[in-house]
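In the numbering used here, the protein residues as written are 2 to 224.
Below is one structure; the comments refer to it alone.
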């Protein structure tokens, strides 16, 4: 390297050091403050994650306890545990608890269970996917007792090709036709199930029974 180039490099480096020193003298308080804020922010984020994980683990344990009570046929205790969990946790395991509670109520009384699912379907804080699931389960509980005209409009909305729950919705619509003795109506929905390439295998197996019932025609009751 030529002596002149070396001199220029040294001058340039000295100039940069001088500029850095001036910047530090002028803004050292801001730089230190920003560094402290960064450390606090990272620490706060880590703490928040820890708190969320701890809460999630506690909610999971409470949910498992409620399921255990249900398996032990302690329905009232299970319902109380699920209600408390749903109240303390508006999402996550709290939402699971609300669905499970509606199921527990439906085991005892179909109308009470359906009403609980209705509340989930009407809750704007619940994601649309889970609202639709709640509507589907409410319709399932009402299938044996409700006027078909009362439950079919909601099910038909869920039976469209783009809906995640369309397979079950179509099955319920077909079953409503069988129960009403309307084999043409039932057959149309069972045909849609058969035509859908994504129909689950378990439903395809049940479909064989359904189509046989449709082919047999409505049962005539004689007195």
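In this text, a Cβ means the ideal position worked out from N, Cα and C, and glycines have one as well.
Note that the coordinates shown come from a computational prediction; the quantities given were computed from them, not determined experimentally.
- Of the residues assessed, residue 37 falls on the exposed side of the cut-off, its CB having fewer than 16 other CB atoms within 10 angstroms.
- Residue 165 places its beta carbon 9 angstroms or farther from that of residue 176.
- The alpha-carbon of residue 180 is positioned some 8 angstroms away from that of residue 145.
- Here residue 64 is actually not in contact with residue 96; their C-beta atoms are around 11 angstroms apart, not less than 8 angstroms.
- Here the alpha carbons of residue 195 and residue 204 stand approximately 9 angstroms from one another.
- The beta carbons of residue 210 and residue 184 sit no closer together than 9 angstroms.
- DSSP places residue 92 in the coil class of the three-state scheme, outside both helix and strand.
- For residue 201 and residue 70, the gap between their C-alpha atoms comes out near 32 angstroms.
- Annotation for residue 199: no alpha helix (DSSP H) segment contains it, and DSSP assigns it neither H nor E.
- Where residue 145 is concerned, there is no enclosing alpha helix (DSSP H), because DSSP gives it neither an H nor an E.
- Residue 121 and residue 27 have their C-alpha atoms roughly 59 angstroms apart.
- Counting only unbroken stretches of 4 or more residues, the alpha helix (DSSP H) elements lying wholly within the region 163-219 are 167-181, 184-196, 202-217, in sequence order.
- Restricted to the region 109-142, the alpha helix (DSSP H) segments that are unbroken, complete and at least 4 residues in length are 111-123, listed in chain order.
- DSSP places residue 85 in the helix class (H, G or I) of the three-state scheme.
- Take residue 157, set aside five residues on each side of it, and the residues of its chain with a beta-carbon closer than 8 angstroms to its own are 170, 174, in chain order.
- Residue 62 and residue 136 have their C-alpha atoms some 28 angstroms from each other.
- DSSP, read as helix, strand or coil, puts residue 73 in coil.
- Classified as exposed, residue 213 has fewer than 16 neighbouring CB atoms from the shown chains inside 10 Å of its CB.
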